[in-house]
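K.L.:
Numbering (my numbering), first residue to last: 80 to 363.
Ideal Cβ placement from N, Cα and C applies to all residues, glycine included.
There's a structure below that I have some questions on.
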Ligand code: PHE
Ligand code: FE
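Here it is in structure tokens:
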């Protein structure tokens with residue numbers, strides 16, 4: 080019944096009005112707990128661009144924020160806006176939104192027993208993880224260009240290559256700063272355990288960003304990452320991804336896939352992982 084009612088409200092571009100009245104007190108409490116936990120964990124771990132973006136948004140600590148309110152601040156800063164969606168949307172829909180500077184956000188929040196691990200993105204991951212960096216002009220341009228590139232990759236049958244770039248940058252990227260390695264990937268900043276693991280564990284590899292290498296590298300959804308790729312700045316990332324990828328895709332088709340934990344002789348190794356004990360354990 081609820082599923083039917085929800086489907087009826089979804090427009091053809093998969094957007095819907097954020098059903099604010101459906102959030103329960105328990106939902107808002109889950110948001111608060113996640114928010115408070117990450118505020119502590121991310122001090123000295125997340126990059127300044129993320130923390131500044133978060134502060135600039137005034138993302139509500141008190142509960143799940145109104146997307147319209149957030150959009151106001153975001154639009155003022157970089158012209159981006161947030162649109163509510165029921166969950167994961169088809170690739171072409173997702174890319175078309177990004178290319179138009181609209182970020183699709185799943186409206187619902189995880190259950191209290193899913194605090195530490197969730198298989199699909201929820202409102203906490205989508206807002207807290209992704210939206211702060213959309214306040215940054217360069218990163219905002221990168222995401223829009225990614226959307227346009229996604230539409231093209233679909234046409235060229237090259238989405239698997241481009242998806243890996245998203246994974247190893249937007250979702251799980253690290254950045255080198257004068258203060259040390261910091262997190263910018265949204266899949267990390269929205270996870271307490273991975274926020275600590277990605278910087279402090281001896282297990283994973285930390286490798287210099289290399290566009291074609293990343294587009295050849297497989298990834299796993301079910302565990303922490305075995306390798307993180309480190310950029311030196313958002314300008315570097317955007318510059319490397321500016322060229323037309325069409326010839327890159329051609330080259331990539333002739334090359335074998337690289338395993339998620341492999342280190343190559345050609346890699347710029349920042350820290351080679353021990354590979355020990357990389358299996359995630361739930362938070363204590
Ligand atoms: N330049 C890429 C292309 O031609 C598009 C892109 C830009 C992809 C930025 C990712 C990030 O496909
Ligand atoms: Fe995400």
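Need the endpoints of the beta strand (DSSP E) that residue 350 sits in, please.
P.N.:
Run containing residue 350: 348 to 350, per the beta strand (DSSP E) assignment.
K.L.:
Start and end of the alpha helix (DSSP H) containing residue 365?
P.N.:
Since the first residue shown for the chain is 80 and the last is 363, residue 365 is missing from the structure and cannot be characterised.
K.L.:
Do the CB positions of residue 176 and residue 265 come within less than 7 Å of each other?
P.N.:
Contact flag unset, no.
K.L.:
Going by beta-carbon coordinates alone, are residue 164 and residue 93 separated by less than 7 Å?
P.N.:
Contact flag set, yes.
K.L.:
According to the Cβ coordinates, are residue 255 and residue 309 closer than 7 Å?
P.N.:
Yes. Within cutoff.
K.L.:
Compute the minimum distance between the beta carbon of residue 228 and the heavy atoms of the ligand COA, and state whether it is under 6 Å.
P.N.:
With respect to the ligand COA, the structure offers nothing, as its ligand set consists of the ligand PHE and the ligand FE.
K.L.:
Could you spell out where the beta strand (DSSP E) holding residue 162 opens and where it closes?
P.N.:
Here the beta strand (DSSP E) through residue 162 covers 160 to 164.
K.L.:
Can you name the start and end residues of the beta strand (DSSP E) that residue 310 belongs to?
P.N.:
That run of the beta strand (DSSP E) goes 306 to 310.
K.L.:
Using beta-carbon positions only, say whether residue 338 and residue 283 come within less than 7 Å of one another.
P.N.:
Not a contact, by the Cβ cut-off of 7 Å.
K.L.:
Taking residue 220 as the reference, which of 170, 317, 241 has the closest Cα?
P.N.:
It is 317 whose Cα lies nearest to the Cα of residue 220.
K.L.:
Less than 8 Å between C-beta atoms, sequence neighbours within five positions excluded: which residues of the same chain meet that for residue 88?
P.N.:
So the list reads 95, 96, 98, once near-sequence residues are dropped.
K.L.:
Could you check if residue 193 is buried or exposed, using at least 16 other CB atoms within 10 Å of its CB as the buried criterion?
P.N.:
Classification for residue 193: exposed.
K.L.:
Exposed or buried, what is residue 239 when buried is set at 16 or more other beta-carbons lying within 10 Å of its beta-carbon?
P.N.:
Exposed: under 16 other Cβ atoms inside 10 Å.
K.L.:
To the nearest angstrom, how far is the alpha carbon of residue 136 from that of residue 250?
P.N.:
Going by the C-alpha atoms only, they are around 20 Å apart.
K.L.:
Please return the same chain residues whose Cβ sits closer than 6 Å to the Cβ of residue 347, not counting the five positions on each side in sequence.
P.N.:
Contacts found: 287.
K.L.:
Going by alpha carbons, who is nearest to residue 182 out of 190, 198, 141, 224?
P.N.:
Nearest of 190, 198, 141, 224 to residue 182, Cα basis: 224.
K.L.:
What do you reckon, is the C-beta of residue 283 under 6 Å from a heavy atom of the ligand FE?
P.N.:
The answer is no for residue 283.
K.L.:
Out of 258, 281, 178, point me to the one whose CA is closest to residue 126's CA.
P.N.:
The residue with the shortest Cα to Cα distance from residue 126 is 258.
K.L.:
With a threshold of 7 Å on Cβ separation, who are the neighbours of residue 212 within its own chain once the five nearest residues in sequence on each side are excluded?
P.N.:
Excluding residues within five positions, the ones whose Cβ falls inside 7 Å are 128, 129, 132, 218, 263.
K.L.:
Starting from residue 267, trace the alpha helix (DSSP H) both ways and give me its first and last residue.
P.N.:
Start and end: 265 to 268.
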